[in-house]
Structures are given as structure tokens and as C-alpha cells.
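Written out below as C-alpha cells is the structure these notes cover.
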Amino acid sequence: MAEMQIKVADIQQLTTGIKKFEFEAVDGGELPEWQPGAHLIFVLDAHLHNSYSLSGDPTER
Numbered sequence: 032m033a034e035m036q037i038k039v040a041d042i043q044q045l046t047t048g049i050k051k052f053e054f055e056a057v058d059g060g061e062l063p064e065w066q067p068g069a070h071l072i073f074v075l076d077a078h079l080h081n082s083y084s085l086s087g088d089p090t091e092r
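For the numbering used here, count along the sequence shown from 1 and bump the result up by 31.
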């Protein structure tokens, strides 16, 4: 599993219960390619990990 530091670039409230988050690399580099069904695991501290599925157009990185 590759690790990298990313930051939130934009947040949009799509519906009452759904938010869209856009991310960018902290170092300003390009984010890696991904496939539908891929997911991210956010490690916030040693005991707090959250997984999120990726959706959208993989060519829009």
C-alpha cells in the first residue's frame, strides 16, 4: 500500500447527507492513477482510520 500526504482542496455539499471532497498532494505533485472501486484509507492517528471509496472520472486527477 502506497502512502502519501494529501490535503483537502475543495469541499462541496451535494445533498443534505453527501459531501464531495477534492484532494491535492501536499508536495504539489500529481496524484497517482486509480481505478473505479479503489479506496483511500485516512490515518488520522494510531487508533483512528477511515476508508472512503473513490468515484468520478479517473482521468481527472
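The beta-carbon is built from N, C-alpha and C at its ideal position, and this holds for glycine as well. Predicted model only: the values in this text are computed from it and were never measured.
For the 7 Å CB-CB criterion, GLU53 and ALA40 form a contact. The distance from the Cβ of ILE37 to that of GLU55 is about 7 Å, consistent with a contact at the 8 Å cut-off.
Judged by DSSP in its simplified three-state form, GLN43 adopts strand. Per DSSP, reduced to three states, the secondary structure at ASP58 is coil, with no helix or strand assignment. Within the same chain, Cβ atoms closer than 7 Å to the Cβ of VAL74 are found at HIS80, the five residues on either side in sequence being excluded.
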